[in-house]
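Trainee: Below is the structure I would like to discuss, written out as structure tokens.
Residue numbers (the numbering used here): 9 to 263.
Printed below as a string of structure tokens:
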């Protein structure tokens with residue numbers, strides 16, 4: 009019984025002695041988080057003022073954020089009495105395990121660096137990758153964030169992006185639209201093409217140069233398939249496709 013009392017007393021005394029360290033660590037944590045937040049704001053303001061590419065700025069801010077967090081963790085651990093030198097031993101002992109478990113994350117980080125360096129796309133571009141199409145809204149150190157046409161946010165790993173095919177739809181301002189339309193064989197083919205071309209040329213969202221083209225793609229027993237090719241600005245792509253389908257149907261019904 010006396011031994012238990014002695015152990016309990018010793019435990020309480022050690023806890024009381026340790027309270028200043030805990031309070032100090034909490035203070036450092038609060039101060040550190042505030043410093044990190046302010047540093048992020050200042051860095052963002054400087055990058056914006058110097059007209060740094062938003063794609064590069066986003067990545068740099070992410071790197072700074074994680075760097076400050078790791079530094080804060082080391083300082084707090086030191087305040088709690090954990091020897092900083094022990095981190096070296098721990099990291100050395102666990103380096104293989106960490107390397108294996110974080111293999112994907114390291115690959116994603118390296119992929120993020122490659123994306124920033126070679127710029128296959130930037131923030132604001134519309135890209136098609138990994139079966140997804142959307143507008144790039146941010147590039148982080150491990151992933152790239154896009155928003156698709158359904159307003160869904162999609163996170164694509166940077167490692168996969170940097171090692172796979174990426175279609176950058178926005179890189180060129182102009183885009184050729186190809187729309188397939190069908191009519192029955194009973195319709196006057198030449199008249200259908202003539203009427204549809206008139207509609208295409210009257211639409212100010214469709215460029216007159218290069219000229220719109222309507223080609224016969226396929227002849228079936230009862231139907232003719234046409235391919236309508238027009239050049240448009242990227243922003244008008246979807247609207248023009250809808251216009252072509254609507255006018256093709258109206259003209260076909262009128263013949």
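Cβ atoms here follow ideal geometry from the backbone N, Cα and C, with glycine treated the same way.
The alpha helix (DSSP H) that contains residue 250, what's its start and end?
Mentor: That run of the alpha helix (DSSP H) goes 245-262.
Trainee: For residue 248, which of 221, 36, 185 has the nearest alpha-carbon?
Mentor: For the residues 221, 36, 185, the minimum Cα distance to residue 248 belongs to 185.
Trainee: When the Cα atoms are used, what is the spatial distance from residue 176 to residue 136?
Mentor: Distance between the alpha carbons of residue 176 and residue 136 is about 6 Å.
Trainee: Would you report the Cα separation of residue 61 and residue 140, rounded to the nearest angstrom?
Mentor: Approximately 24 Å between the Cα atoms of the pair.
Trainee: Taking the CB atoms as reference points, tell me whether residue 129 and residue 174 lie closer together than 8 Å.
Mentor: It is a contact, given that the beta carbons lie within the stated cut-off.
Trainee: In three-state DSSP terms, what is residue 48?
Mentor: Looking at residue 48 - three-state DSSP - the assignment turns out to be helix.
Trainee: May I have the straight-line CA-CA distance separating residue 183 from residue 43, to the nearest angstrom?
Mentor: Cα to Cα, the separation comes out at about 46 Å.
Trainee: Could you tell me the boundaries of the beta strand (DSSP E) in which residue 265 lies?
Mentor: The shown model of the chain, from 9 to 263, leaves out residue 265, and the question about it has no answer.
Trainee: Would you kindly work out how many angstroms separate the C-alpha atoms of residue 227 and residue 138, rounded to a whole number?
Mentor: For residue 227 and residue 138, the distance between alpha carbons rounds to 34 Å.
Trainee: Based on Cα-Cα distance, which residue from 188, 34, 145, 146 lies nearest to residue 87?
Mentor: Closest by alpha carbon: 34.
Trainee: So who's on the other strand from residue 163, going by DSSP bridges?
Mentor: Bridge partners of residue 163: 153.
Trainee: If we ignore side chains and look at the alpha-carbon of each, how far apart do residue 240 and residue 36 end up?
Mentor: Looking at the two C-alpha atoms, the distance is approximately 57 Å.
Trainee: The alpha helix (DSSP H) spanning residue 222 covers which residue range?
Mentor: Premise fails: residue 222 lies in the beta strand (DSSP E), 221-227, not in any alpha helix (DSSP H).
Trainee: Going by Cα to Cα distance, which pick from 193, 207, 59, 244 is closest to residue 232?
Mentor: When only C-alpha atoms are compared, the closest one is 193.
Trainee: Quick test of your reading: residue 209 and residue 216, contact by CB under 8 Å. State the CB separation rounded to the nearest angstrom.
Mentor: That belief holds up - the Cβ atoms of residue 209 and residue 216 are roughly 6 Å apart, short of 8 Å.
Trainee: Hey, how far is the Cα of residue 49 from the Cα of residue 256?
Mentor: Straight-line Cα distance between these residues: approximately 54 Å.
Trainee: State the DSSP-derived secondary structure class of residue 183, mapped to helix, strand or coil.
Mentor: If DSSP states are grouped into helix, strand and coil, residue 183 belongs with the strands.
Trainee: Would the beta-carbon of residue 69 fall within 8 Å of that of residue 85?
Mentor: Cβ atoms of residue 69 and residue 85: not closer than 8 Å.
Trainee: Just the Cα atoms here: how many angstroms apart are residue 80 and residue 41?
Mentor: Cα to Cα, the separation comes out at about 8 Å.
Trainee: Tell me the DSSP secondary structure of residue 178 in three-state form.
Mentor: It is coil, neither helix nor strand.
Trainee: With distances taken from CA atoms, which of 259, 261, 230, 212 is nearest residue 245?
Mentor: Of 259, 261, 230, 212, the residue nearest in Cα terms is 212.
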